[in-house]
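Q: Residue numbers (mature numbering (1 follows the signal peptide of the UniProt record, and there is no 0)): -16 to -1, 1 to 371.
Glycine included, each C-beta is placed from N, C-alpha and C at the ideal position.
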């Protein structure tokens, strides 16, 4: 009965914000089966405007429960140093000019695949990056990407596509799908989301339907539509699904550090994190994040929304280390971030057992489809189409 008495308060608290977590419950769950988490492990954490601080994994979880945003830089302490090498490698972005190619693809986008995929993806007990089901969900996602590639990609296009599991020590790997460009250019374009989920107390269920199951299936649908159109980009196009965003942007920092160390020329990175929620009584719109992003790439995203989407954009701020775009920005790469609405009107059920598809009719697959349109436009306008 001791375990029940400890867990019941946590179940009630899991949907609340801010969350106060009980010290005894931390001690109880340290050996929870299916998790590989040392609550006493030392982590180096960086918050906005502060020097990095060493703290335990437990203290890091508490910090997140208090609403703080941070980088866990334990394994990527030199990430920011790479930015200096890119100071003079500034990218420029065109006005949208590929409407004849983009618009036919947009008409092939559907809510059917995203709904089916998200129903499965959010059915895992949790996609927490240090859990067995977090690993299982990553393996399912990789198999679904492979299935879509086989079903929708032509033989000539499939020959240009590669899959990579970017390995991480915690078990859940990041996924990178690369469509090699036809030109000799070494430029790379990235469209991304994060695959993991968490509860405020990570040992509790975390369906993560909106955060960020929605972004994950949003870009998966755009990938399917591009394959269906037999899109052979001139520039190399990559789709990334990051692990461990909820642990302090761990997965994206590792990938960005690897790319920076190899001097990969990423000319644009666009993050899709939470794309499904339309708060009742508000205007449906695309939230364009304006802080901690590349200004020119953000302006380009605004132009894409105006050209290709059926809803307007609204400017909003998200704060320091808000999502995986921040890892790329820290490494000196141009990055942008779009979200479901203004940050204030976004889904408040995240990081709880209530982040589900069926929690409210405010969860909208037609809204998600607008973001798939944006991802397709981003790919074609920047990647170019090889004739």
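Could you confirm whether any beta carbon from chain B is found closer than 8 angstroms to the beta carbon of residue 30?
A: In the displayed structure, chain B is absent; only one protein chain is listed.
Q: Quick one: using the 10 Å Cβ neighbour count with 16 as the cut-off for buried, is residue 372 buried or exposed?
A: In the structure as shown, the chain starts at -16 and stops at 371, and residue 372 therefore has no counterpart that could be examined.
Q: Between 141, 249, 236, 154, which has its C-alpha nearest residue 208's C-alpha?
A: As a position in the chain shown, residue 208 is number 224, starting the count at 1. Comparing Cα positions, the closest option is 141.
Q: Does DSSP put residue 340 in a helix, a strand or coil?
A: Taking the chain shown and counting its residues from 1, one reaches residue 340 at position 356. It is coil, neither helix nor strand.
Q: Of all the alpha helix (DSSP H) runs that stay within the bounds of the segment 269 to 298, which reach a length of 4 or more residues?
A: Those alpha helix (DSSP H) runs which fall completely within the segment 269 to 298 and span 4+ residues are 279 to 292.
Q: Hey, out of 113, 52, 111, whose CA is closest to residue 303's CA?
A: Locating residue 303 in the chain shown gives position 319, counting from the first residue. Checked all of 113, 52, 111; the closest Cα to residue 303 is 52.
Q: Across which residues does DSSP place residue 366 in a beta bridge pair?
A: Position 382 of the chain shown holds residue 366. BP columns for residue 366 are empty, so no partner.
Q: Do you know offhand how far residue 45's Cα is from residue 262's?
A: The residue given as residue 45 occupies position 61 in the chain shown. The residue given as residue 262 occupies position 278 in the chain shown. C-alpha separation (whole angstroms): 29 angstroms.
Q: Might you give, ordered along the chain, the residues of its own chain that have their beta carbon closer than 6 angstroms to the beta carbon of residue 116, omitting 5 neighbours on each side?
A: Start at 1 with the first residue of the chain shown, and residue 116 comes out as number 132. Counting only Cβ-Cβ distances below 6 angstroms, and skipping sequence neighbours, we find 18.
Q: Determine the contact status of residue 181 and residue 192, defining contact as a CB-CB distance below 8 angstroms.
A: Counted from its first residue, the chain shown places residue 181 at position 197. Counted from its first residue, the chain shown places residue 192 at position 208. Going by C-beta atoms, residue 181 is nearer than 8 angstroms to residue 192.
Q: Assuming residue 362 contacts residue 175 under a Cβ cut-off of 8 angstroms, what Cβ separation, rounded to an integer in Å, is found between them?
A: Working through the chain shown from its first residue, we reach residue 362 at position 378. Working through the chain shown from its first residue, we reach residue 175 at position 191. That belief holds up - the Cβ atoms of residue 362 and residue 175 are roughly 6 angstroms apart, short of 8 angstroms.
Q: Quick check on the DSSP output: what are the complete beta strand (DSSP E) runs of length 3 or more inside the segment 23 to 74, in order along the chain?
A: Fully enclosed beta strand (DSSP E) runs of 3 or longer: 26 to 31, 37 to 40, 54 to 56.
Q: So for residue 146, helix, strand or coil by DSSP?
A: Counted from its first residue, the chain shown places residue 146 at position 162. Residue 146 falls in the strand class under three-state DSSP.
Q: According to DSSP, is residue 152 part of a helix, a strand, or is it coil?
A: Translated into the one-based positions of the chain shown, residue 152 becomes position 168. Correct three-state label for residue 152: coil.
Q: According to DSSP, simplified to helix, strand and coil, what is residue 112?
A: Here residue 112 is taken as the residue at index 128 of the chain shown, counted from 1. It is coil, neither helix nor strand.
Q: Give the list of continuous beta strand (DSSP E) stretches no shorter than 3 residues that lie fully inside the segment 155 to 219.
A: Whole beta strand (DSSP E) segments, 3+ residues: 158 to 163, 171 to 178.
Q: Would you mind reading off the limits of the beta strand (DSSP E) that contains residue 250?
A: Taking the chain shown and counting its residues from 1, one reaches residue 250 at position 266. Per DSSP, residue 250 belongs to the beta strand (DSSP E) from 249 to 256.
Q: Grab me the residues of residue 244's own chain with a C-beta within less than 6 angstroms of its C-beta, minus the 5 sequence neighbours each way, in chain order.
A: Within the chain shown, numbered from 1, the residue matching residue 244 stands at position 260. For residue 244, where only same-chain residues beyond five positions count, the Cβ hits under 6 angstroms are 66, 315.
Q: Based on the DSSP secondary-structure assignment, which residues constitute the bridge partners of residue 221?
A: Position 237 of the chain shown holds residue 221. In the DSSP output, where bridge partners are listed per residue, residue 221 has 163, 173.
Q: Keeping to the same chain, check which residues put their C-beta closer than 6 angstroms to that of residue 213; ignore five residues upstream and five downstream.
A: The sequence position of residue 213 within the chain shown is 229, counting from 1. Cβ within range, chain order: 89.
Q: Going by beta carbon distance, what residues of the same chain come within less than 6 angstroms of residue 149, once the five residues before and after it are set aside?
A: Along the chain shown, read from residue 1 onward, the residue named residue 149 stands at position 165. Same-chain partners within the cutoff: 157.
Q: Starting from the C-beta of residue 297, find all residues in its chain whose C-beta is less than 7 angstroms away, skip the five residues before and the five after it, and write them out in chain order.
A: Numbered from its first residue, the chain shown carries residue 297 at position 313. Excluding positions up to five away in sequence, the list reads 269, 270, 272, 286, 289.
Q: My output table needs one value for residue 243: the three-state DSSP class, helix, strand or coil.
A: To locate residue 243, count along the chain shown from 1; it is residue 259. In the structure shown, residue 243 sits in a helix (DSSP, three-state: H, G or I).
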